[in-house]
Each structure stands twice: as C-alpha cells, then as structure tokens.
Amino acid sequence: MKGLPLDTVDDPYLHDFLHYLQPTYQPCVILKEHINNVGVEKVAWLVTDNTAACKLAPQLVCKTNGFMHIQDGRCQMHAFALGMTSSVAHEFFKLLITDALKVVTFFCASHEPLALLK
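Counting in this note's numbering, the sequence shown runs from 400 upward without gaps.
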C-alpha cells in the first residue's frame, strides 16, 4: 500500500475537521484542504463515523478531485456498537445478562464460593 492512513484518533487535521464540521460548512472543501495540507501522497484511507456528512464528504472528495488512490470507510467500532446495541436489546440477551448478574452477585456475596474461586 502506498501512503500512510490518515488516522482519526491521532491526526490533528481530522480533529479540526470534525470540530468545525457543521451544517453551514462544506465538509468536502474542508476535507480537501486538509488532505492537501498533509500531502495527497501520504493519505491512503479516510476513516469516519457513519453520519451522512462524514460519510459523504470522503466519497465526494475522493471521486471528484482525482484522489482515486484514497479509500474511505466507516469506523468499525461504530458498526460494532450499533450491532451490539440492537443485539443486546433482544429479550433473550436481557434474560441472559440478568441471570449472569445473579451468578456474579451470588459469588461476590458468599464467602465460601468466593474462597473456592481463589
């Protein structure tokens, strides 16, 4: 892979971009400026959350400005969190977690079973 991924965690340019991103701003223009500031050859991947503005901006910038080598994608932790939230909301998992908490509470409150675990 040529270039370095532009990381949303450590990169101050994307922190500035996300801080200033508001409906009145044009995220494509701001993102293009930041890519040019970093250097087009150094950017290989744009990671954003899945909000409409953050998802659309990298797609438009990459497709319309000749940055065809830059890939865009959403943060996998956002995808994981959405999946887990909908899964845990299911009645089966609520019962499973409730029963597991009862077992944990029993062992933490009982001296003899707790001593056996140690």
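In this text, a Cβ means the ideal position worked out from N, Cα and C, and glycines have one as well. These figures come from a predicted structure and were not determined experimentally.
Per DSSP, reduced to three states, the secondary structure at Ala443 is strand. Across the set Lys493, Glu432, Phe479, Val439, the C-alpha of Val439 shows the shortest separation from the C-alpha of Gln470. In the three-state DSSP reduction, Gly465 falls in the coil class, being neither helix nor strand. Beta-bridge pairing by DSSP links Gln470 to Trp444.
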